[in-house]
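**Q** Residue numbers (the numbering used here): 829 to 944. Let me give you the structure first, and then I'll get to my questions.
Below is the structure:
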């Protein structure tokens, strides 16, 4: 049973920074892709950023230049450094992984609130 635990969500002022972490455990197969998605109120869940096992990254246009995704393969951890946060970044952020067999798993989410 794969478990993903996100942490780091918080209340931050516009222009501020926040760092999210995702710890993955229980996967019997290697983790190919780790990613962060978010769901804003009234919106569908959307990709924020993802990173392959070899470090290839992909970002949503809305966060390019502000957010940085990274991972530690040895620890099965993923991170999302978020800078210059905007009110529209406020959402529940979910960690997602895809293993070597193509199966995906989701975390339960962590709330990021951007407000003055």
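All C-beta atoms in this analysis are idealised placements derived from N, C-alpha and C, irrespective of residue type, glycine included. The structure presented is a predicted model; accordingly, all values stated were derived computationally and were not measured.
Give me the Cα-Cα distance between residue 859 and residue 893, rounded to the nearest whole angstrom.
**A** Here residue 859 refers to the residue found at position 31 of the chain shown. Here residue 893 refers to the residue found at position 65 of the chain shown. Looking at the two C-alpha atoms, the distance is approximately 26 Å.
**Q** Taking buried to mean at least 16 other C-beta atoms within 10 Å of its own C-beta, is residue 878 buried or exposed?
**A** Mapped onto the chain shown, residue 878 falls at position 50. Its Cβ being crowded by 16 or more others within 10 Å, residue 878 is buried.
**Q** Just to confirm my understanding: we take residue 945, look at its own chain, exclude 5 residues before and 5 after, and list those with CB closer than 6 Å. What are they?
**A** Because residue 945 is not part of the residues shown, which for the chain are 829 to 944, the question remains open.
**Q** Between which two residues does the beta strand (DSSP E) harbouring residue 876 extend?
**A** Taking the chain shown and counting its residues from 1, one reaches residue 876 at position 48. Residues 874-880.
**Q** Among 841, 880 and 869, whose alpha-carbon lies nearest the alpha-carbon of residue 924?
**A** As a position in the chain shown, residue 924 is number 96, starting the count at 1. Closest by alpha carbon: 880.
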